[in-house]
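Structure first, commentary second.
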Amino acid sequence: MVRTRIAPSPTGYPHIGTIYQALFDYAFAKKYSGQFIIRIEDTDRNRFVEDAEGVIFKAFEWFGLTEDESARKGGDYGPYRQSERLDLYQKYALDLVDSGHAYYCFCTKERLEDMRKVMQSEGRIPMYDKHCRNLSKDEVSKKINDNITHVIRLKILEGRKIVVNDGIRGDIDFDSNGVDDQVLIKADGFPTYHLAVVIDDHLMKITHMLRGEEWISSSPKHVLLYEFFGWEQPLFFHTALLRNPDKSKLSKRHGHTSVKWYQEQGYLPEAILNYLGLMGWTNPDGKEIFSLGEFIKVFEMKDLRSVGPIFDLKKLDWMNGEYIRQMSDEKLYNRITNFIGEEYDKQLVKRTVPLIKERIKKLSDYIPLTEFLFKRPESYEVELSDKKDIFKKVAENLDRVGDWEADIIGESMLKTTQQLEMKNTEFFMLMRLVITGKKISPPLNESMEILGKGECLKRITSLT
RNA sequence: GGCCCCAUCGUCUAGCGGCCUAGGACAUCUGGUUUUCAGCCAGAGAAUCUCCGGUUCGAAUCCGGAUGGGGUCACCA
2 MVRTRIAPSP TGYPHIGTIY QALFDYAFAK KYSGQFIIRI EDTDRNRFVE
52 DAEGVIFKAF EWFGLTEDES ARKGGDYGPY RQSERLDLYQ KYALDLVDSG
102 HAYYCFCTKE RLEDMRKVMQ SEGRIPMYDK HCRNLSKDEV SKKINDNITH
152 VIRLKILEGR KIVVNDGIRG DIDFDSNGVD DQVLIKADGF PTYHLAVVID
202 DHLMKITHML RGEEWISSSP KHVLLYEFFG WEQPLFFHTA LLRNPDKSKL
252 SKRHGHTSVK WYQEQGYLPE AILNYLGLMG WTNPDGKEIF SLGEFIKVFE
302 MKDLRSVGPI FDLKKLDWMN GEYIRQMSDE KLYNRITNFI GEEYDKQLVK
352 RTVPLIKERI KKLSDYIPLT EFLFKRPESY EVELSDKKDI FKKVAENLDR
402 VGDWEADIIG ESMLKTTQQL EMKNTEFFML MRLVITGKKI SPPLNESMEI
452 LGKGECLKRI TSLT
């Protein structure tokens with residue numbers, strides 16, 4: 002049975018990289034009829050954001066990455082919120098102390114900081130100096146009785162080779178001398194990520210553990226913990242990191258990391274997922290546009306590449322446009338009204354859909370392109386005050402049009418062009434400007450039909 | 001800096017020892033369709049496969065080293 006999990010921290014809007022990983026977790030679990038789990042890792046009380054959890058779940062819903070078990074849905078291996086599992090972590094940490102694989106540490110933050118400064122100034126790598134490692138049992142119990150704040154640290158054996166098996170990269174060897182005596186239980190009684198992740202993945206029966214590459218260097222600690230507990234490890238998969246254009250890890254400063262931003266830009270969730278699926282993975286049949294369902298059918302974790310791809314918005318834009326064009330008018334209409342809100346006349350919006358479908362890449366392109374239909378242009382991109390005669394003539398001819406339909410409107414204007422002995426391009430550009438205010442717009446005849454005869458004549462005669 | 005990961009067009013990638021004078025997609029440019037833009041169609045340019053050694057009859061593909069990029073070194077995840 003395959004069981005995968007994504008473990009976001011409730012610190013704000015979800016990171017696009019979290020979705021990237023969740024996509025693989027989800028697809029893999031679904032492919033093998035397993036379960037996909039969302040676990041909330043809220044052990045850092047300093048970074049905790051009150052309503053972040055709800056926002057996270059909403060985001061997953063938006064993408065259609067629906068979980069089988071989670072903090073909101075429950076399941077057989079709960080609770081799925083780490084803050085509700087504190088006694089569990091405590092118990093296992095004490096087991097580790099008993100078996101000699103962990104120890105109490107009473108060092109103050111100040112001492113630790115000073116120690117690191119000294120080590121750094123000596124050009125050494127800052128690591129805990131194991132100061133509290135060899136305290137006697139009596140010393141420890143005395144300090145605990147005296148209520149001295151303490152943490153519990155992992156005791157790393159020296160001179161050992163630790164092998165981390167990664168499903169994407171193969172075996173990665175570490176020397177235990179380079180691994181720090183990691184804090185397992187913090188002074189506030191909360192576990193650190195390292196302890197919690199191992200205990201939870203084991204207890205929740207996770208079979209395939211996928212996470213970002215930035216965790217590789219702490220993996221030896223986790224491997225050791227599995228060994229000390231005598232537990233079988235899940236398979237590890239460390240995905241390549243999404244990058245900024247300068248190749249550094251995708252960050253707010255150089256790129257867009259928040260799911261919220263993508264929503265506000267009017268990217269479609271299915272397009273984002275499709276694009277993400279192209280990062281580090283290639284569809285065996287070469288197709289670049291594929292649905293989540295198709296992805297699930299062919300995805301294998303081992304096919305993931307280990308190179309960190311640069312997140313290229315240009316290609317996402319293209320793909321989003323591709324999805325928009327493939328969508329039915331009805332569906333696109335729903336997406337647009339959903340996106341722009343209530344203030345726009347829905348009947349009007351509906352009629353514009355066929356006009357803009359091939360012209361927008363993102364939902365946020367809609368309003369700038371169609372604004373002129375909802376309100377009269379306030380200015381014109383080109384000076385029109387010296388074209389009064391032309392507009393007078395057009396207005397006269399258009400006024401005679403009986404059935405206000407695109408084709409007939411076009412014919413009338415074509416006739417006017419001939420009467421005025423103007424070039425088509427020149428004439429229609431003037432018309433485009435007077436109607437829309439802009440040099441670039443959706444098809445003119447159709448736009449005029451939607452706008453209505455009265456409104457069109459008003460716009461034209463206002464310049465005569 | 002120590003440790004670890006990675007390395008094919010600007011970007012995403014194909015490639016698993018001969019089919020590679022390196023293929024596709026995005027982007028760019030050109031032409032066509034056209035009442036603007038977009039779309040669509042056709043085409044072009046774009047990678048001495050980071051470099052240097054080695055293995056081999058033969059290497060983008062295997063091995064070693066160098067270089068470059070990235071990650072990580074917290075009582076954050």
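For reference, each letter of the first sequence is one residue, going 2 to 465 in the numbering used here. Here a beta-carbon is modelled for each residue, glycine too, at the ideal position from N, C-alpha and C.
query: Check whether LEU211 and ASP26 have beta carbons under 8 Å apart; result: yes
query: Cβ neighbour criterion (16 or more within 10 Å) applied to ILE39; result: buried
query: Local conformation of CYS457 per DSSP, three classes; result: helix
query: Selected residue, minimal CA-CA separation from GLU159, among LYS187, PHE107, LYS222, ASP115; result: LYS222
query: Element boundaries [alpha helix (DSSP H), containing ASN275]; result: 270-278
query: Beta-carbon spacing of TYR276, ILE17 below 8 Å; result: no
query: Inter-stretch contact (C-beta, 8 Å, three-pair minimum) for the stretch 176-191 and the stretch 242-256; result: no
query: Sequence-distant residues of its chain with Cβ nearer than 7 Å to LEU364 (five each side left out); result: GLY267, ARG336, ILE337, PHE340
query: Residues near ILE351 by beta carbon distance below 6 Å, same chain, minus five either side; result: In the sequence on display, residue 351 carries Lys and not Ile. These residues qualify, in order along the chain: TYR334.
query: Buried versus exposed, by CB contacts within 10 Å (16 or more), PRO270; result: buried
query: Length of the line joining the Cα atoms of VAL141 and PRO9; result: 36 Å
query: Residue range of the beta strand (DSSP E) that includes GLY213; result: 209-213
query: Check whether LEU445 and ARG460 have beta carbons under 8 Å apart; result: no
query: Beta-carbon proximity of GLU42 to GLN83, cut-off 8 Å; result: yes
query: TYR381 (DSSP reduced to helix, strand or coil); result: coil
query: Contact set for ASP130: own chain, Cβ-Cβ below 7 Å, skip 5 residues either direction; result: MET116
query: Coarse secondary structure for SER386, derived from DSSP in three states; result: helix
query: Contacting residues, own chain, Cβ-Cβ under 8 Å from ALA1 (five flanking each side not counted); result: Residue 1 cannot be examined here, being either before or after the span of the chain that is shown, 2 to 465.
query: Unbroken stretches of the alpha helix (DSSP H), 4 residues or longer, contained in the stretch 322-350; result: 330-341
query: Beta-carbon gap between LYS156 and ASP182 smaller than 8 Å; result: yes
query: DSSP state of ASP366 mapped onto helix, strand, coil; result: helix
query: Residues that DSSP places opposite SER259 in a beta bridge; result: HIS16
query: Residue ranges of each alpha helix (DSSP H) within the stretch 102-131, 4 or longer; result: 110-122
query: Start-end ranges of the beta strand (DSSP E) lying completely within the stretch 285-312, minimum 3 residues; result: none
query: Among ILE207, THR5, GLY76, LEU95, nearest to TYR104 - alpha-carbon criterion; result: LEU95
query: Coarse secondary structure for SER448, derived from DSSP in three states; result: helix
query: Touch test, the stretch 289-297 against the stretch 379-397, Cβ-Cβ under 8 Å, three pairs minimum; result: no
query: Every unbroken beta strand (DSSP E) within the stretch 167-244, with a cutoff of 3 residues, ordered by chain; result: 171-176, 184-186, 209-213, 236-240
query: C-beta atoms of GLY168 and LEU236 nearer than 8 Å; result: yes
query: Residue nearest to GLU372 in terms of C-alpha spacing, selected from SER386, PHE229, GLN419, LEU349; result: LEU349
query: Helix, strand or coil at SER249 [DSSP, three-state]; result: coil
query: Within 8 Å, strictly: CB atoms of LEU196 and ILE186; result: yes
query: Nearest-angstrom Cα separation, counted from GLY438 out to LYS316; result: 31 Å
query: Extent of the continuous beta strand (DSSP E) to which PHE49 belongs; result: Note, PHE49: premise wrong, no beta strand (DSSP E); not H, not E.
query: Per DSSP, the bridge partner or partners of GLY75; result: SER71
query: ILE410, DSSP secondary structure in three states; result: helix
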